[in-house]
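Take a look at the structure below.
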Amino acid sequence: MTYLAKSPWIVHYDGSSCNGCDIEVLAALTPIYDVERFGIVNTGNPKHADIFLVTGSVNEKNREIVKNTYDQMPEPKVVVAIGICAATGGIFRECYNVMGGIDKVIPVDVYVPGCAARPESIIDGVVQALGILEAKRKAMNENPGAAKKPAGDAR
Amino acid sequence: MGFFEMTKTALKTVLSRPVTILYPYQPAKKTGLTRGHVVQDGSKCISCSICVKKCPSQAILLNKEAKTWQIDRFRCVVCNSCVDTCPTKCLSMDTQYTAPASKQGVEVFTITYVKPPKPEKKEEPKE
Amino acid sequence: MTKQIIVPFGPQHPVLPEPIHLDLVLEDERVVDAIPSIGYIHRGFEKLVEKREFTEYVYIAERTCGICSFIHGATYCQGIEQIMKIEVPERADYLRTIWSEYSRLHSHLLWLGCFADSFGFENLFMAAWRIRERILDVFEQTTGGRVIQGSCKIGGVRRDIANDKLSGMSRDLDSIRKEIGELTTVFLNDDTVRHRTRNIGVLSRDDAYHLGAVGPTARGSGVAIDLRKTGYGAYDRLNVPVITDSCGDCYSRCYVRCKELFTSIDLIQQAITEIPDGPIDVKVTGAPNGEYFMRAEQPRGELVHYLKGNGTKFLVRSRIRTPTLTNIPPLVKMLQGCELADVPVIVLSIDPCISCTER
Amino acid sequence: MKQEQSIIPIDVGQLIGSVEQCRNEGYRLAQIGCTKVGDNDFEVNYSFDKDYVLKNLRITVTAETEVPSITGMYWGAFVYENEMHDLFGIQVKGINIDFKGTFIQTAIKYPFGVSISKGEKP
Amino acid sequence: MIPEPWTPFVNAIIYLLLAPVVGGLVAGIDRKVTARMQGRVGPPLLQPFYDVGKLFEKENLVVTTTQNFYVLSYLVFMAVSGALFFSGGDMLLVIFAFTLSHIFLVLGAYASYSPYSHVGAERELIQIIAYEPMIIITAVGMYMVTKSFYVGTIVQSPIPIVLYLPGVFIGYLIVLTIKLRKSPFDLSTSHHAHQELVKGVTTDFAGPNLGKLEIAHWYEYVFLLGVVYLFFAWNPILAIAAIIIAYFLEILIDNTTSRVKWQMTLRSAWLVAGTLGIINLGVLYYLRMVVVP
Amino acid sequence: MQIVQLLIYLILFPLIAAVFLLFAKKGFERGWIVKLSALGIGAVSLWLLVAGFDKGLITYSVSGRIFDLAMLIIELVIAAYLLWLGLRHKKYSVVILVLIQAALLIWFEASFGHTIVELPNNLFFDQFSIIMALIIGIIGSLICVYALGYMETYHEHHKDIADRRGMFFFVLFVFLSAMFGLVFSNNLMWILFFWEITTFCSFILIGYSQTEEATNNAFLALAMNMLGGVAFVAALIYIATLDPSGRLLELGALLSSGYAIAIVPAVLICFAGLTKAAQMPFSSWLVGAMVAPTPVSALLHSSTMVKAGVYIIVRFAPVLSGTTEGMMIAMVGGVTFLLTSCMAISQSNAKKVLAYSTIANLGLIVACAGVGTYNLMWVAILLIIFHAIAKSLLFLCVGTVEHRIGSRDIEDMGGLIERMPKLAIMMFIGMAGMFLAPFGMIISKWAAIEAFIQAPFGLIFIIILAFGGSATLFFWSKWMGKIISVMRHQENVEHSIRQEKWVVLWILTGLVVIVALIFPLISSALIEPFIMQIYGHTTRLSEANITIMLLMMGLLIIMPFSMLFQSKTPKIAPPYMGGMTTVGDMKYIGSAGVSRNLVLSNYYLRNYFGEERLFMPGTLACWGLILIAFIMVAGVIL
Ligand code: SF4
Ligand code: SF4
Ligand code: SF4
Ligand code: SF4
Ligand code: SF4
Ligand code: SF4
Ligand code: SF4
Ligand code: SF4
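Chains as they are written, first to last, in the working numbering: chain A, 1 to 155; chain B, 1001 to 1127; chain C, 2001 to 2359; chain D, 3001 to 3122; chain E, 4001 to 4293; chain F, 5001 to 5638.
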């Protein structure tokens, strides 16, 4: 295990969620759940983050934001979709303004189901993401060029 | 006058035990009512399709030919609607939430209930 | 050459758990212009009434928002009940009221936390949310859901709460009241908090009224609007005091919410002592035909569910006018001439709920 | 318990006058909302509240009708009027803060104006 | 024993090697105590080290490559000023080197031309001008008591400095709050991100650059606490206790106040700290003849 | 006898060059004359250094009768000319001042002309003179060279301004000549003469463009400096009344004549120095002088004019030392330093910022000289050197930038590092020279703190220095930040700057760095002997500290090379904008669908540090201080 897995910093973006999942993400930071136990810090800034937590689905207006936020994260990075809205669009899937889950815009590594996803569930999801993060770091070190490809268009 | 109104609380807190639940080392908070995930008992399902119709997020797919009842956990909002409306009470709500996954998929239950099927109108489930 | 700084504030921004965007134009740190932009969460689920039967739409109405989820569900149900002329059993009315007030408790505590966070008082944020978890526990014990309760349905409620559980809750509230007491003292008396809230984002009584402010935003400016006074649910049988304050600044809005925490506790305890035994739902047949503007008091203020049915299982229109939508014009007014550091404080002081605002 | 409310249908032409009267009588604007009632017909409800009594002025318009803005009387009405425009395609003239269709950006234009049949995903 | 002329160098090298360790530990303890004050368990003690280790594993994401230069300079000069301090150098020189390093941080933020970094940089500058006078006053106060600007001399002075400089000490504690980026003065960047500026000055630093910033902060912590030590230098045990108490106080203040605005920061630093310091020095100046041996 | 020839050469040679320039019609000729004379002046100043650094104080008798007469005549001619101008432009304050001064002069001549004996030593020379000569000779002439190219563009940009370049360069060189005269003269009457010439020259130069604003500001400068001139004449009269033989008119003699005699003229002349150095009640003239073409500003701010003001105060420092009057003068400097440093924060006009910074630094010099202990004197001289170099560089940089981007507003200098990289680096170094360790000004600040703490009431100044110094830091850093911010896709507009400008700029940049490196040498070779000779003891920085400073400098120099060795290839991403997408560059689609350009400005905090807020209190305070000094002096006279 490297440092990466001991210090996952997150950035959270609320796509078009109903808040239910958002407040559960926030709740996970608060004393009862205290994800800082795992070194998790909610940085609020994509440039500092390793894990991108997205709640809610993507729509016309926020897809660019989601993409942009993702692009501003340094490699290696993983995306965790929180709640079924973020996974598939959930109950709002059929709304005219919902494009679907966030995997429509950026690659998702872990889906955390639930409506709303419970804080415990979110913790599980993040822990699962750590393994993927680690794998990505290995891949990046072995093949420095490859990992950068997907976000290379940021300039 | 209040400078450092919080001091007392902060000092008190620092001296008492943290309220944190050490999940995953300690079990998650749960109650008997907690809505975790829907389970189906294939031996009781009469394939009536009510659950399919009553599901607000269309997470259930019933295939009468294949005799399968499948649920998309990444669509289900755990609202309990199907459980409430299922006439045979073959659906129930488990208190354990669905585990996170890297891939989406549906969970398939086989319907083992045997009874001459009655003619029904075809419901076209989404996607 | 103008000496202006343009800060694109949000939509991805840590003090805004919900995405809105403000084009802030600053001179030094003074905000000379703040143009809001919303629409990042717009899903358009009002149109789902055309695809979901009115009975299933409850689940969607509940997911208007994860914070006053319950009140949305209840308001929708009451609107339909009004159109369909359904009398719900009294116990259901009381239960709805109890859950509504718990929602208010949870929402206000959540808000207090976020508000503390907006002026950088992390410990206070944690303290508020620590208490809030106890409210959520009650939700989970009585409805099975922490944030989305799903316990309302047309014609009543889906779950009863046993009487001994109710009295347990009432007792529990006594200790919660004590904790909240400690918490609110800090909000109302601490000098550094007052420094950040006093005379910030002042909204005059007149502006508050005519710009359409509702809820604590209006009450903080001395406008006594509280829809609970219309007596829906069991409120006509309970004693609902309307808390107001006159300064119209962030402090006043905070003051109103702090005091409302206590009135909510009182209301719940009162409801628990008065709640009659009996059935919790009635059977619903037929379909709504007609229209109704159902209004209810959410933690953030007046909520309007306009429902129109044409006798089929599918409604013609559900229009949800949420408190935040109508609190946005006052917000725009408040932001003019404030400081950059005040922006999050002022924005949060109306307790914005973008999710239901945009539907 | 039923909340008091009334619906008063008026003409588009009377709108400004009636709204002004509401303002003078001390009503506050509670909401403006639209409903699609025909292929190209929309009801617009202007709801005003005073002492918990809701008074609704209702105009019926088509997408082509130019509805005058009431932001002159109620400054905050711009949120609703922009919404009317963005979701229903109703033309509102003279909004004080006109977002010109960017208030709520939608994947399809005027989602409530066009008819989407059930089950079909736009 | 190390021969006399070499002690400054040895001290400097010890500082350069150990300060990050000590600073990181202090940061870890800080986070732990803060968490406990909030009723949480908090991160492991070594979390700051994990964080920095992690940051160096990340990609070097920049807005402009010049950022690398500024960050490195910030780190180097921060280390240099601390090393000067611990090798017993001239306090004023230490302060100037310290300022220089901060200017590099500010420039790094400016370089990115990002709104949040920019406003953060402006605020950081305001903070610098808020605390700098007090730090100079501190140095001058020490001089007035010990007749030397040299840390090496001050630390060996048998005089209980803090008794002569109570006002200066309190003033220093106030600006220490600014320096440790603690509430109520965490204007330009803060440990928790929930503020209007996101991460302020550090917003556009990522990966290894952020790691270097973090290490620089550790150097800074040790240096700043070293100054606290000087006030109590006549009694090392007391001094250590004072450092612990002072730091605990800082954490407590952090946890019991909201963030104030820049005007307030400048005002409290200049007026409160300045007046306390100035009055203290004035009195001392007046009595100098009488009391100093 | 060799050195005195050099002195005379330095005074006369620029004068001759000036006359040539007056008649040189072709730009080509003018160019060569300027360049050659600059070379000549610079070279001779250096020669002076080589020849005289180990000499100590030397005085020379140059027969002066004939000069005295010529000077009187010239002064009266100038007075007449100014009278005419003043009447024409309805500047009655100037008219009155000219009349008073002329009347005083004539009266002085009439009543003492016959009693004053011929002074034996009209010229003198010591290490301080060398320093001043180097500043004037090198920096001054570099600026003249720079002015060649500048004025050409200036007239291309401003077709409406009459091209009077012949006159312009004439005045520039006369100015240099007068400055040399000023620092080499031992005769106070001569000093007064040169003093008045600098006033007059600056008046002409400030008013060069002949616009209304320029004329007004020129008259403002004139009026304020004339006020000083009147005080100067009054000092002479006082001296003459004390000793009609006029022996005390010799600077050296006056300085060594003791408190009772020297304090009155010292205060009067220092008052004149305050006006010339644009200290607080008079600061507005220097700020107003910004309307002049940039080389003029550079000249006024770095090597001439204001330096004449502080020069004279430093000369009188030994007299002021330990006196209340000196304290008052020092306080004027202190207050000026504090308030103008703060005011500079609120300015976005680059030249205004530079102006305020100049005033502030002069204030510091005045404060040092006013307190006047030996180590403060050391600091004051150090400040004069460092300030002259860095400030001239900055002015010339701003001038060049202004010509390329058409604005002198700091806000328009964003991303200069991309647009004019070399120039931006020069500016960067210049600014670093003004406020960062281990460059010059900060060395001085440091030395000042260490010196003040040993001086009586030094605590006040230390506190002023602590607060004012941090204000200084604010405005420099934010400006620095502005020029180094990287706004992408900016075009490089640096090419086509003329070679000679580059040469001047590079030399000055080099000087900033080199002087910071070799200042221990300068100190031990020039300043310390000078101080030693006056006070009998001297000061120096400890060797260890010097080593450390040099180390830091070395680090600073090698640090940029770190960019060549990077372990990880950086990936470029746009700045964080709250998730907003940047469309193209620095643009995003904001609220209401409006495409917005990202604009970032610095803070100016006008409500706190604005001129409106600080100017009045400062002026009042300084007038008060001056008044106290005068009242005390009046006490001495009576
Ligand atoms: S998954 Fe459920 S709770 Fe979460 S955002 Fe979507 S609707 Fe809300
Ligand atoms: S719980 Fe609700 S969402 Fe899930 S399958 Fe049942 S009805 Fe559908
Ligand atoms: S699960 Fe229940 S509701 Fe669904 S098809 Fe089977 S029997 Fe019918
Ligand atoms: S309700 Fe809104 S403001 Fe409050 S925490 Fe949730 S997102 Fe933030
Ligand atoms: S007002 Fe806020 S909390 Fe209430 S329903 Fe709307 S979104 Fe939810
Ligand atoms: S008001 Fe804001 S914080 Fe509260 S639930 Fe709604 S979105 Fe969340
Ligand atoms: S740059 Fe502007 S001020 Fe300078 S000469 Fe040209 S036009 Fe005149
Ligand atoms: S900078 Fe260019 S344009 Fe300006 S004077 Fe020099 S050469 Fe001419």
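We treat Cβ as the ideally placed atom computed from N, Cα and C, and that holds for glycine.
With a cutoff of 8 Å on beta-carbon distance, Leu5021/F and Asp5126/F are scored as not near each other.
By the criterion of a C-beta distance shorter than 7 Å, Met5553/F is surrounded in its chain by Pro5438, Ala5516, Leu5517, once the five residues flanking it on both sides are discounted. Of all residues in the stretch 1007-1025 of chain B, those with a C-beta nearer than 8 Å to a C-beta of chain E are Thr1007, Ala1010, Leu1011, Thr1013, Val1014, Ser1016, Pro1018, Val1019, Thr1020, Leu1022, reading in chain order. Excluding sequence positions up to five before and after Glu4132/E, its CB lies within less than 7 Å of the CB of Thr4099, all in the same chain and listed in chain order. Taking a contact as a CB-CB distance under 8 Å, the pair Leu4224/E and Leu4176/E counts as one, their CB atoms being some 6 Å apart.
Take the alpha-carbon of Thr4007/E and the one of Phe4077/E: they are about 21 Å apart. Under the 10 Å beta carbon count, Val5636/F is surrounded by fewer than 16 other beta carbons and is classified as exposed. Around the beta carbon of His5537/F, fewer than 16 other beta carbons lie within 10 angstroms, which makes this residue exposed. At a cut-off of 8 Å between beta carbons, Val1077/B contacts chain A. Excluding the 5 residues flanking it on each side, Asp2023/C has same chain C-beta neighbours closer than 6 Å at Ile2035, in chain order. At a cut-off of 8 Å between beta-carbon atoms, Gln1070/B makes no contact with chain A. The beta carbon of Glu2050/C is closer than 7 Å to those of Phe2314 in its chain, skipping five residues each way along the sequence. Asp1094/B is bridged by DSSP to His1037/B. Tyr13/A has a beta carbon lying at 8 Å or more from every beta carbon in chain D. For Pro31/A, the closest Cβ of chain B is nearer than 8 Å. By the criterion of at least three beta-carbon pairs nearer than 8 Å, the stretch 2071-2079 of chain C is in contact with the stretch 2285-2298 of chain C. Per DSSP, Thr3062/D is one residue of the beta strand (DSSP E) stretching across 3053-3062. Between Arg2257/C and His2106/C, the C-beta gap is not smaller than 8 Å, which leaves the two residues out of contact.
Contact note: Leu4/A reaches chain E through Lys4054, Glu4057, using a C-beta cutoff of 7 Å and chain order. 8 Å or more divides the Cβ of Val1078/B from the Cβ of Cys18/A.
One finds Ile2006, Asp2023 in chain C with Cβ atoms closer than 7 Å to the Cβ of Arg5596/F, taken in chain order.
Going by C-alpha positions, Ala81/A is about 19 Å away from His2042/C. Taking a Cβ-Cβ cut-off of 8 Å, the neighbours of Tyr5588/F in chain C comprise Pro2008, given in sequence order. Around the beta carbon of Pro3111/D, 16 or more other beta carbons lie within 10 angstroms, which makes this residue buried. Lys3050/D sits in a strand when the DSSP states are folded into three classes. The beta carbon of Trp4218/E sits closer than 6 Å to those of Pro4020, Gly4023, Gly4024, all from its chain and outside the five residues before and after it, given in chain order. Set against 7 Å, the gap from the CB of Thr1088/B to the closest heavy atom of ligand 3 is smaller. Of the residues assessed, Leu1061/B falls on the buried side of the cut-off, its CB having 16 or more other CB atoms within 10 angstroms. For Ile3007/D, the enclosing beta strand (DSSP E) covers residues 3005-3009.
At the C-beta level, Ile2067/C and Ser2100/C stay beyond 8 Å of one another. Gln1040/B is the residue among Lys1103/B, Ala1099/B, Gln1040/B whose C-alpha sits nearest the C-alpha of Asn1080/B.
Contact between Pro5014/F and Ser5129/F is absent: CB atoms are separated by about 16 Å, not below the 8 Å threshold. Taking the beta carbon of Thr1098/B as reference, no residue of chain C falls within 7 Å; the closest one sits roughly 15 Å away.
Per the CB criterion, closer than 6 Å to any heavy atom of ligand 1, the qualifying residues run in chain order as Ser17/A, Cys18/A, Gly20/A, Cys21/A, Thr55/A, Gly56/A, Gly83/A, Ile84/A, Cys85/A, Gly90/A, Ile91/A, Cys115/A, Ala116/A, Val1077/B, Arg2063/C, Gly2066/C, Ile2148/C.
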